[in-house]
Amino acid sequence: MNNNVVALSTGVPLTMSTQEIARLVGKNHFHVLRDAQRTLEGLGQDASKFGGIYSDAYGREKPCLNLPKRETLILVSGYSVQMRAAIIDRWQELEAAKPPELSRMQLIQIAMQSEQERLALAGEVKELTPKAQVYDQIANAEGKY
């Protein structure tokens, strides 16, 4: 079962960054990031799957995690009542926010971009297939060196 909340206009799952969580609960981002990594590890999930980047006050790129609703709520379930309430309130805002209306032209552009990406990936697969077959032959060639 997929528990991700999806923005209907874009099809992109709604997430909350560890940076936003830290701001909402009044904790240091480093600690929230550490807690999130431990939570994901405890759930048997790869934290890199949720990886993101944000710019700090000095313009430096720093790592963060972009968590779906389920993982966010699991993370903050160990926090205080006030902290949990702040996160739940924010999720309700995110879910209630009306997605921006997209014109037909914008929808066509999104569809075209998606199709271009699909075709590019199909081309990469076609290009890499012979190489993969050779690597498979080498890997399966026992004692033929």
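So for the sequence shown, my numbering puts the first residue at 38; every next one is plus one.
Note that the Cβ used here is the ideal one computed from N, Cα and C, for glycine as well.
Everything numeric in this text was worked out from a predicted model, so none of it was measured.
Where does residue i land, buried or exposed, given buried means 16+ other C-beta within 10 angstroms?
| i | result |
| --- | --- |
| Ala73 | buried |
| Val62 | buried |
| His68 | exposed |
| Thr76 | buried |
| Leu70 | buried |
| Leu156 | exposed |
How is residue i classed by DSSP in three states: helix, strand or coil?
| i | result |
| --- | --- |
| Lys104 | First, the residue type needs correcting, since residue 104 is Leu and not Lys in the sequence shown. Correct three-state label for Leu104: strand. |
| Ser54 | strand |
| Glu179 | coil |
| Glu98 | strand |
| Gly63 | coil |
| Gly88 | strand |
Closest to residue i by C-alpha separation, out of the options, would be which residue?
| i | options | result |
| --- | --- | --- |
| Ile124 | Glu57, Leu102, Tyr91 and Ala169 | Glu57 |
| Thr109 | Ala84, Glu154, Ile90 and Ile147 | Ala84 |
| Lys32 | Ala134, Gln119 and Ile111 | Here the chain covers residues 38 to 182 and nothing more, so residue 32 does not appear. |
| Leu80 | Tyr95, Ile111, Ala59 and His66 | Ile111 |
| Val113 | Ala178, Ser151 and Ala59 | Ala59 |
| Lys86 | Pro167, Thr52, Ala134 and Tyr95 | Thr52 |
Among the residues of its own chain, which have a CB less than 8 Å from the CB of residue i, if the five just before and after it don't count?
| i | result |
| --- | --- |
| Ser54 | Gly89, Tyr91, Cys101, Leu102, Asn103 and Leu104 |
Please list, in chain order, all residues of the same chain as residue i whose beta carbon is under 7 Å from its beta carbon, the five residues on each side excluded.
| i | result |
| --- | --- |
| Glu98 | Ile90 and Ser92 |
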